[in-house]
Amino acid sequence: MTRVDTAERVRGGPAPERDTGTRGTPQPRLRRSIRSLRGPGPWKRGLVSAALALALGLLLLLHGRITDRGGMGSLVETFLPWFGLGVPVLLVIALWRRSASATVALLLPVTAWLSLFGGLLGDRSRSGGDLTVVSHNVAAENPDPVGTARALADSGADVLALEEISEEARGTYEKELARAYPHHTVQGTVGLWSKLPLSHTRPVDTEQDVGPLGDSKPASAKLADNRALRTTVATDQGPLAVYVAHLGSVRVTSDGGFGTDTRNRNADAVTRALAAERSERVVLLGDLNGTEDDRAFDGLTSQLHSAHEEAGSGFGFSWPAKFPVARIDQILVRGVEAKRAWVLPETGSDHLPVGAAISW
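Offset between the sequence shown (1-based) and this note's numbering: plus 11.
Right, dumping it as structure tokens:
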């Protein structure tokens, strides 16, 4: 018996044969390396997610170049802040896919969104204020005009603007607000109540009723449906020109898309009225049926600036009242400084009231 036989007997079997061609090579590691070379790397994975991230960033940066045919541009700009929700969704997909390209591509929409709306995340309010103004679309179908009027009277506003006043509810608002506001004017469906004297009050033509039939109507006939006014409030710091406006509603239809024609025509008319205003101190209160990001208001925002963006907290969404997604109720100022701006609690309306404290 040889030594080999003895060794085999001791071990209980023949010695295993060795593959001299793969000596010292860890087989599992080699197979993993080969598979990794065949599969896409972190920069090649998730290219669709990367493309979507870049598209989102370009939409935020170039929203002003989106065609407004069918109101598409206005629709996008009305809800522009909400496009930021695409960032966390795409981030989760990028991490799940372990895609470096998709993760890096998200820098574009993040930077674009922060440049547009990052300033709205904090509290910009300051102490002080010489005059408090409040604006509220009270809704023509408001089931509780009494409660709405009393809540607004308790708001502490020195000047209170109401929009969408129905003929049936007008007397209720005048009665309930009379004690707190000795001075008021109602011009059609908009009104202003004030603790301070008013003068030089007049309706503002928003071109709501146009065409041959509208042009033939006398001013008295048009006044019933008037949607804007201008007045002067006598403050301790001097006269303040106050405008109240309720621009035309926008409608989404199957044939016309996002209909903004009436709203845009109204905005142009108010823009021209403000351009002709001689007072250096101006406040515009109202339901504009659009956000400041909407290109339709470029003429307005070039003359006045938002009290909420200057001195508010957060986005200040005001519509719809149950779950606000857009700030279409605005307080715009010129020649005065906004110290604080806020959204008031819900009333019987489908809009939330908005307020601001302004100073000279």
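Note that the Cβ used here is the ideal one computed from N, Cα and C, for glycine as well.
Practice task
State the DSSP-derived secondary structure class of Gly297, mapped to helix, strand or coil.
Solution key: Gly297 falls in the strand class under three-state DSSP.
Handout entry: Host beta strand (DSSP E) of Asp340 (start-end)
Key = Looking at the DSSP string, the run of the beta strand (DSSP E) that includes Asp340 is Asp340 to Arg345.
Handout entry: Range covered by the alpha helix (DSSP H) that runs through Trp107
Key = Run containing Trp107: Gly97 to Arg108, per the alpha helix (DSSP H) assignment.
Problem - the segment 329–341 contacting the segment 115–124, beta-carbon criterion three pairs below 8 Å - result: No, they do not touch.
Problem - Contact the segment 292–306 vs the segment 259–274: 3+ CB pairs below 8 Å - result: Touching, per the Cβ criterion.
Exercise for the section: Would you tell me roughly how many angstroms separate the C-alpha atoms of Gly325 and Asp340, rounded to the nearest one? Expected result: Approximately 15 Å between the Cα atoms of the pair.
Problem - Of the residues Leu132, His211, Pro250 and Ala280, the one placed nearest Val293, counting alpha carbons only - result: Of the residues Leu132, His211, Pro250 and Ala280, the one whose Cα lies closest to the Cα of Val293 is Pro250.
Practice task
Rounded to whole angstroms, what's the CA-CA distance from Gly346 to Gly130? Just pull it up for me.
Solution key: In this structure, the alpha-carbon of Gly346 lies about 22 Å from that of Gly130.
Exercise for the section: Spell out whether any CB of chain D is found under 7 Å from the CB atom of Asn237. Expected result: The chain inventory of the structure shown lacks chain D, comprising one protein chain alone.
Handout entry: 4-residue-minimum alpha helix (DSSP H) runs that sit fully inside the segment 127–200, ordered along the chain
Key = As far as the segment 127–200 is concerned, its whole alpha helix (DSSP H) runs of at least 4 residues are 156–164 and 178–188.
Handout entry: Separation of His195 from Lys186, as counted between CA atoms
Key = Between Lys186 and His195, the C-alpha separation is close to 11 Å.
Problem - Arg289 - DSSP class collapsed to helix/strand/coil - result: Correct three-state label for Arg289: coil.
Practice task
Select from Ser370, Ala368 and Asp361 the residue whose C-alpha is nearest the C-alpha of Asn148.
Solution key: The shortest Cα separation from Asn148 among Ser370, Ala368 and Asp361 belongs to Asp361.
Exercise for the section: With distances taken Cα to Cα, identify the nearest neighbour of Leu240 among Ser205, Val281 and Trp371. Expected result: Nearest C-alpha to Leu240 among Ser205, Val281 and Trp371: Val281.
Exercise for the section: Counting only runs of 3+ residues fully inside the segment 227–264, write out the beta strand (DSSP E) ranges in chain order. Expected result: List check, beta strand (DSSP E) in window: 239–246, 249–257 and 262–264.
Exercise for the section: Please work out which residues of its chain come closer than 6 Å, Cβ to Cβ, to Arg108, disregarding the five sequence neighbours upstream and downstream, and give them in chain order. Expected result: Once the five neighbours on either side are set aside, the close Cβ partners of Arg108 are Arg56 and Gly57.
Practice task
Return the bridge partner residues of Lys268 from the DSSP annotation.
Solution key: Sequence inspection shows Gly at residue 268; the Lys mentioned does not correspond to that position. Paired residues: Thr264.
Exercise for the section: Leaving out five residues on either side along the sequence, give the residues of the same chain with a beta carbon under 8 Å from the beta carbon of Gly32. Expected result: Low confidence applies here, because Gly32 scores a pLDDT of 49, under 50, leaving its location unreliable; read the following figure in that light. Hits under 8 Å: none found.
Exercise for the section: Less than 8 Å between the CB atoms is what I'm expecting for Ala252 and Thr246, so what's the real figure, rounded? Expected result: Contact check for Ala252 and Thr246: beta-carbon distance about 11 Å, past the 8 Å limit, so the pair fails to qualify.
Handout entry: DSSP-derived helix/strand/coil call for Ala352
Key = Shown here, Ala352 sits in a strand according to DSSP, grouped into three states.
Handout entry: Euclidean distance between Cα positions of Ala172 and Ala113
Key = If you take the alpha carbons of Ala172 and Ala113, they lie about 49 Å apart.
Exercise for the section: With DSSP as the reference, please indicate the residues paired to Ser360 in a beta bridge. Expected result: Paired residue(s): none; Ser360 is not in a bridge.
Practice task
To the nearest angstrom, report how far apart Leu363 and Gly139 are at their CA atoms.
Solution key: If I take the Cα positions, the gap works out to 24 Å.
Problem - Beta-carbon spacing of Leu192, Ala160 below 7 Å - result: For the sequence presented, residue 192 should be read as Tyr rather than Leu. Inclusion of Tyr192 and Ala160 in the CB contact set at 7 Å is not warranted, their separation being larger than that value.
Practice task
List the DSSP bridge partners of Trp204.
Solution key: Bridge partners of Trp204: Leu171 and His195.
Handout entry: Expected contact under 8 Å - CB spacing of Gly84 and Arg283 to nearest Å
Key = With 8 Å as the limit, Gly84 and Arg283 do not qualify as a contact, their Cβ atoms being about 22 Å apart.
Exercise for the section: Taking all protein chains shown into account, decide if Ala278 is buried (16 or more other Cβ within 10 angstroms of its Cβ) or exposed. Expected result: Counting of Cβ neighbours within 10 angstroms places Ala278 among the buried residues, the total reaching 16 or more.
Practice task
May I ask you to report which of helix, strand or coil DSSP gives Arg56?
Solution key: Coil, per DSSP.
Practice task
In the DSSP assignment, find the unbroken beta strand (DSSP E) run with Thr212 in it and report its ends.
Solution key: Secondary structure note for Thr212: its beta strand (DSSP E) is the uninterrupted segment Leu209 to Pro214.
Handout entry: Same chain, Cβ closer than 7 Å to Asp216, five either side skipped, listed in chain order
Key = A distance below 7 Å between beta-carbons, with the five flanking residues on each side excluded, links Asp216 to the following residues of its chain, in chain order: Ala280.
Exercise for the section: Determine the direct distance from the alpha carbon of Val59 to that of Arg351, and round the result to whole angstroms. Expected result: Approximately 44 Å, taken between the alpha carbons.
Practice task
Tell me Ile369's beta-bridge partners as DSSP assigns them.
Solution key: Leu142 and Ala349.
Practice task
Count the other C-beta atoms from every protein chain shown that fall within 10 angstroms of the C-beta of Thr200, then say buried if there are 16 or more, exposed otherwise.
Solution key: The residue in question, Thr200, is buried, as its Cβ has 16 or more Cβ neighbours within 10 Å.
Exercise for the section: Could you check which residue in Leu295, Arg190 and Leu67 has the C-alpha nearest to that of Leu119? Expected result: Selected option, being the one with the closest Cα: Leu67.
Handout entry: His211, buried or exposed, once every other Cβ within 10 Å from all chains shown has been counted against 16
Key = With fewer than 16 Cβ atoms within 10 Å of its Cβ, His211 is classed as exposed.
Exercise for the section: For Phe269, I'd like the list of residues in its chain whose CB is within less than 7 Å of its CB, leaving aside the five on either flank, ordered along the chain. Expected result: For Phe269, where only same-chain residues beyond five positions count, the Cβ hits under 7 Å are Gly81, Gly82, Met83, Ser85, Leu86, Val261 and Val263.
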